[in-house]
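Just so you know, we're using this note's numbering here: the sequence shown kicks off at 2 and counts up by one.
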Amino acid sequence: MTALSTETFTFPVTGMTCAGCAASVESMIGAQNGVEKAEVNYATQSVKVAFHPEVVQPEGLRQAVRSVGYDLILDTQNGKEKQEQVQQKHYQQLKRNIIWAGLLTLPVVIVGMFFMDKAYANYLMLALTAPVLFIAGRNFFTGAWKQARHGRANMDTLIAMSTGIAFLFSLFNTVYPEFWHSRGMHPHVYYEAASVVILFIMLGKMLEERAKSNTSAAIKKLIGLQPKTVSLITAGGEKVTLVEEVKIGDLLLVRPGEKIAVDGRVEQGTSFVDESMISGEPIPVEKSKGDPVFAGTINQKGSFQFTAEKIGSETLLGQIINLVQDAQGSKAPVQKLVDKIAGIFVPVVIVIALMTLMAWLLLGGAQALTQGLLAMVTVLVIACPCALGLATPTAVMVGIGKGAENGILIKDAEALELGYKVDAVIFDKTGTITEGKPVVTDILWSAQAVNEKDKLAAVLLSLEQQSEHPLAMAVVKHLKAQQVNSLPSAYFHSLTGQGVEGLFNGQPYYAGNLKLVESCKTAVPEELQTAAAVLSQTGKTVIYFASHATVMAIVALQDRVKTNSAKAIAELKNGGIGVYMLTGDQAATAIHIGRQAGISDSHIIANAMPADKSNFVKLLQAQGKTVAMVGDGINDSQALAQANLSIAMGHGSDIAIDVAKITLVSSDLLQIPKALKLSRLTVRTIRQNLFWAFIYNLIGIPLAAGVLYPINGFLLNPMIAGAAMALSSVSVVSNSLRLKFSKINF
Numbered sequence: 002m003t004a005l006s007t008e009t010f011t012f013p014v015t016g017m018t019c020a021g022c023a024a025s026v027e028s029m030i031g032a033q034n035g036v037e038k039a040e041v042n043y044a045t046q047s048v049k050v051a052f053h054p055e056v057v058q059p060e061g062l063r064q065a066v067r068s069v070g071y072d073l074i075l076d077t078q079n080g081k082e083k084q085e086q087v088q089q090k091h092y093q094q095l096k097r098n099i100i101w102a103g104l105l106t107l108p109v110v111i112v113g114m115f116f117m118d119k120a121y122a123n124y125l126m127l128a129l130t131a132p133v134l135f136i137a138g139r140n141f142f143t144g145a146w147k148q149a150r151h152g153r154a155n156m157d158t159l160i161a162m163s164t165g166i167a168f169l170f171s172l173f174n175t176v177y178p179e180f181w182h183s184r185g186m187h188p189h190v191y192y193e194a195a196s197v198v199i200l201f202i203m204l205g206k207m208l209e210e211r212a213k214s215n216t217s218a219a220i221k222k223l224i225g226l227q228p229k230t231v232s233l234i235t236a237g238g239e240k241v242t243l244v245e246e247v248k249i250g251d252l253l254l255v256r257p258g259e260k261i262a263v264d265g266r267v268e269q270g271t272s273f274v275d276e277s278m279i280s281g282e283p284i285p286v287e288k289s290k291g292d293p294v295f296a297g298t299i300n301q302k303g304s305f306q307f308t309a310e311k312i313g314s315e316t317l318l319g320q321i322i323n324l325v326q327d328a329q330g331s332k333a334p335v336q337k338l339v340d341k342i343a344g345i346f347v348p349v350v351i352v353i354a355l356m357t358l359m360a361w362l363l364l365g366g367a368q369a370l371t372q373g374l375l376a377m378v379t380v381l382v383i384a385c386p387c388a389l390g391l392a393t394p395t396a397v398m399v400g401i402g403k404g405a406e407n408g409i410l411i412k413d414a415e416a417l418e419l420g421y422k423v424d425a426v427i428f429d430k431t432g433t434i435t436e437g438k439p440v441v442t443d444i445l446w447s448a449q450a451v452n453e454k455d456k457l458a459a460v461l462l463s464l465e466q467q468s469e470h471p472l473a474m475a476v477v478k479h480l481k482a483q484q485v486n487s488l489p490s491a492y493f494h495s496l497t498g499q500g501v502e503g504l505f506n507g508q509p510y511y512a513g514n515l516k517l518v519e520s521c522k523t524a525v526p527e528e529l530q531t532a533a534a535v536l537s538q539t540g541k542t543v544i545y546f547a548s549h550a551t552v553m554a555i556v557a558l559q560d561r562v563k564t565n566s567a568k569a570i571a572e573l574k575n576g577g578i579g580v581y582m583l584t585g586d587q588a589a590t591a592i593h594i595g596r597q598a599g600i601s602d603s604h605i606i607a608n609a610m611p612a613d614k615s616n617f618v619k620l621l622q623a624q625g626k627t628v629a630m631v632g633d634g635i636n637d638s639q640a641l642a643q644a645n646l647s648i649a650m651g652h653g654s655d656i657a658i659d660v661a662k663i664t665l666v667s668s669d670l671l672q673i674p675k676a677l678k679l680s681r682l683t684v685r686t687i688r689q690n691l692f693w694a695f696i697y698n699l700i701g702i703p704l705a706a707g708v709l710y711p712i713n714g715f716l717l718n719p720m721i722a723g724a725a726m727a728l729s730s731v732s733v734v735s736n737s738l739r740l741k742f743s744k745i746n747f
C-alpha cells in the first residue's frame, strides 16, 4: 500500500473574535478526513494544517470553516496581505458601526435613566435599540446561529444570548405590561443594557484589534526592510522593475543610500554597506568584487553592480521573516492547556447562567424572575474567553518579535518558554567561544621529512582542501600563500572528530588531531612531541600530518577568543547557570582557551567526539539539569538535537542552524544571556496574563450571578459587565505589549 504524502501549510483565518472561535476552527478542520493535525493561533489569526492532498484539498477545508462562520485565505503567496485588507475593511466597518450605534444608544440610556415613566418611552427605546442589536451587532447573532447549527458555542453565543434575552424580555414587557400589572409588579425593561453591552463589546473589539496589530510590529519592520523596486541592468540599458520580477543571475545596480533588494555577489564597483540588521554591528562593511551582499542591508557611499543569487523567500532576510512568522504562529506548551479550557469555557458559562436563573427563581422572592434574568444576562456578558485566549499568544508574538529585532531568531514558542528553565549551558570552542578564524603560526617538519617538505606540503594542501573544518581552511590559506600547488588524490575520507585521510601516488596520508595519530598507531618523532607540548601550552591548536608510518610535520594554529565571550559567560554564571566547554581539540589548548573565557578547568572536556558531546548533554540531563547547547558546526548537530534548548551561531553550518531552536544572527555570545532573559520576561508576562484572565472570571462570574445580593443588595449591572469584559482583553494585550519596552541588554 502506497504511503500518503503529507503537506503542511499555514493559512490566514478571517472572522475569529475569541479563543472559542479558534477552538471551533481548529476542531472543524481537525475533524476533516485526511487532516493529520490543525493548530489555530488566535493572536496571529492563522491555522497551521498538516493534511494528505490525496484525500482532502485546501478548498474542502475552506468550505468546512465557512460552514461555522469563518473563512480561510488559500493564497499562500499573498495571504497575509489579503488578510490585512479584510481586517482593515472589518476595522473600518466596526468604527462606523460604533459611531452610529453610539448615537442611537445615547438617547436610549438617557430615556432609560431619566424618562422611563414617560408615555411611549419603552416604544422609543425599542425603536432605537433594535437597529443597534440587529444591524450594528448582527454579526454576533449570525455567528451564534452558525455555531449552533454545528452544536458549538463561542463568544458570539454568549453575547447573542445575553442581549437577545434582555431585548426579548423587554419587548414582552413593552407590548404586554398588563401581565406584570395584574400581579402587582412593575414591568422593567433593559433596552439600555442590551444596546450598551453591544456598544461596549464592539468598542473593546476595536481596541483589541488595534492592540493586536501592534504585536506584529516586528514582522512589519522586517518586511519594511525589503525595497519594492530595483534597477535592473539589461542589454538595452538600465530599467526599474519590481523586486518580484528579479530572477537569479540578473545584474542589478545599487546607488548610494538604496536598500539592497536580493542576496547576491558584487560584480563591479566598491562601496560600504550597513549590515547592522544582520550582524548588529554599526560599522559599515566594505564591499568589492566577489563579496556577498544581502537583501535589506543599506548601501552607503559608493554604487556597485551585483549578480542576484537568492531571491524572494530564499534570501537571508526572507528566511528570517519566515522563521519569525512561523515562530509567532507556533503554540507554547502552556497554550495547549489554555486551548482546552477555552474550548469548554462557553458551554460551562451557559450552564452557570442557567443555574443562576434557577437559583434566583427558587430563592429570589418577589422580583425573582426579573432579577434572575438580569443576573443570567450579566453572567453571559461578563464571561469571555478572549482574555484567556490572548494571554499566551500575544506575549509569545511580542517576545519573538523583540528577539528578532535584537538578532535572536527563535524557531518556536516552546523554545521561548523553555529558555528561562536553563541551568546549564554547553559551548563548543571553535567558532563559538573563539572567532573561528584561526591562522597558522608554525609548521615544523621532522628531520626525516625536511628534504621532501615541498612535495609533502602539496600533499597536505590537497588533503586539507577537501575538508570543511575552519582549521583546514586556515592551513589551505597559509599554504597557498606560500605558492604550494595541490595534487590529485585517488581517495579521500573525512574522519569525524579526528581529521582527514587520503591516498596520493599509492601512499596513505593523514592530517588531524592527536586522537587520529593514536588510533592509527603512528609514531611521533621525539622533537615533534616536545614541540607540540610547548605549542599546546601556549593555547595553540596542533594538527599532525603523517604517513602510515610516522608523523612528518605538525602545524600550529591560533584562534582568538571573541571579544564578548568572557563577559557573556560571566553573565551566565552570575545568573546561577553552570557553563561548560566541549571541544575536539587537545586538553592543553582547551584549558588555555577556557581560562581566557572564564570557564573552570573542571568544566572543560577536550578530545570530545560528536557522540561524546551528545553523551555529556545526556549526563547533565540525568542530573536533572535543563541543558542549552551552543554550537556552529556539523559535529555539534548531534549534541544540539539532544539538548533541551539548542542555540546555533548565525555563521555556522546549515545543519546546525536547522537543528537549533534559537539562532544568533550576529554570533555574539552576549545574545545568549539576552535570549534567556527574554524568555524569563516572556514567561512572566504569560503568567501575569493568565493570572488576570482567570481571576477576572473567578471574581466576575460570581459577582454577576448575584453572590453579594443577600449580603448587601449588590447586583452587577450588565452595562458595567460589558465594559469590564471589553477591557479584560485590552488589558491582556496591553500587558503583552509592555514586553516591547523591556530591557534585555547588559
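Every residue, glycine too, gets a C-beta built ideally from N, C-alpha and C. Since we're looking at a predicted model, the values are computed, not measured.
Please report whether the beta-carbon of residue i lies at a distance below 8 Å from any beta-carbon of chain D.
i      : result
Asn608 : Note that chain D does not occur in the displayed structure, where there is just one protein chain.
CA-CA distance, residue i and residue j?
i      : j      : result
Lys768 : Phe742 : The chain is shown from 2 up to 747; residue 768 falls before or after that span and cannot be answered.
Val14  : Gly366 : 48 Å
Ala589 : Val501 : 22 Å
Ala149 : Ile342 : 19 Å
Gln372 : Val352 : 18 Å
Phe142 : Ala405 : 41 Å
Ala749 : Val440 : Since the first residue shown for the chain is 2 and the last is 747, residue 749 is missing from the structure and cannot be characterised.
Asp251 : Val666 : 27 Å
Leu682 : Lys403 : 11 Å
Thr523 : Gln499 : 14 Å
Ala706 : Ile696 : 16 Å
Asn645 : Pro611 : 17 Å
Leu1   : Gly319 : Here the chain comprises residues numbered 2 to 747, so residue 1 is not present and cannot be evaluated.
Asn750 : Glu85  : No answer is possible for residue 750: the residues shown for the chain start at 2 and end at 747.
Lys311 : Arg266 : 10 Å
Phe180 : Leu375 : 18 Å
Arg739 : Ala571 : 28 Å
Phe692 : Ala416 : 22 Å
Cys22  : Leu620 : 45 Å
Give me the Cβ distance between residue i and residue j, rounded to the nearest whole Å; I'm assuming they're in contact under 8 Å.
i      : j      : result
Ile202 : Ile160 : 6 Å
Glu55  : Ala39  : Contact flag wrong, Cβ pair sits at about 18 Å.
Phe493 : Gly507 : Not really, about 15 Å apart at Cβ, beyond 8 Å.
Gly651 : Ser668 : 5 Å
Leu517 : Thr542 : Going by Cβ atoms, the distance from Leu517 to Thr542 rounds to 13 Å, so no, they are not a contact pair.
Gln622 : Val628 : 6 Å
Met29  : Val382 : Actually they are not in contact, since the Cβ atoms of Met29 and Val382 sit about 26 Å apart, beyond 8 Å.
Val562 : Ile702 : Between Ile702 and Val562 the Cβ distance is about 59 Å, and since that is not below 8 Å, they are no contact.
Output needed for residue i: all residues of its chain with C-beta closer than 7 Å, excluding positions within five of it in sequence on either side, in chain order.
i      : result
Met2   : The pLDDT assigned to Met2 is 47, lower than 50, so where the model puts this residue is not dependable, and the model offers no usable value.
Asn698 : Ala384
Val190 : Asn123, Met126, Ser171, Asn174, Thr175
Thr130 : Val109, Phe168, Tyr192, Ala195, Ser196
Around the Cβ of residue i, are there at least 16 other Cβ atoms within 10 angstroms (buried) or fewer (exposed)?
i      : result
Gly575 : It should be pointed out that residue 575 corresponds to Asn in this sequence rather than to Gly. Asn575 should be labelled exposed.
Lys750 : Since the first and last residues shown for the chain are 2 and 747, residue 750 lies out of range.
Ser314 : exposed
Arg139 : exposed
Tyr121 : exposed
Ile136 : exposed
Ser603 : exposed
Trp361 : buried
Val556 : buried
Asn713 : exposed
Please list, in chain order, all residues of the same chain as residue i whose beta carbon is under 6 Å from its beta carbon, the five residues on each side excluded.
i      : result
Lys675 : Ile745
His549 : Pro509
Ala567 : Ala598, Gly599
Leu573 : Val426, Val580, Pro674
Apart from the five residues on each side of it in sequence, which residues of its chain come closer than 8 Å, Cβ to Cβ, to residue i?
i      : result
Lys626 : Asp424, Ala425, Gly579
Leu62  : Phe12, Ile30, Gln33, Val36, Val50, Phe52, Leu73
(message) Whether or not the region 596–616 and the region 458–466 are in contact is what I'm after, with contact meaning three or more pairs of Cβ atoms, one per stretch, closer than 8 Å; do they touch?
(response) No, because fewer than three Cβ pairs between the region 458–466 and the region 596–616 fall closer than 8 Å, the two stretches do not touch.
(request) Spell out a yes or no on whether the region 87–96 and the region 109–127 are touching, meaning 3 or more CB-CB pairs, one atom from each, closer than 8 Å. (result) With the cut-off at 8 Å, the region 87–96 and the region 109–127 do not touch.
(message) Three Cβ pairs or more, each shorter than 8 Å: is that satisfied between the region 300–307 and the region 254–270?
(response) Counting Cβ pairs under 8 Å, three or more are found: they touch.
(message) Three Cβ pairs or more, each shorter than 8 Å: is that satisfied between the region 432–447 and the region 470–487?
(response) Yes, since at least three Cβ pairs between the region 432–447 and the region 470–487 fall closer than 8 Å, the two stretches touch.
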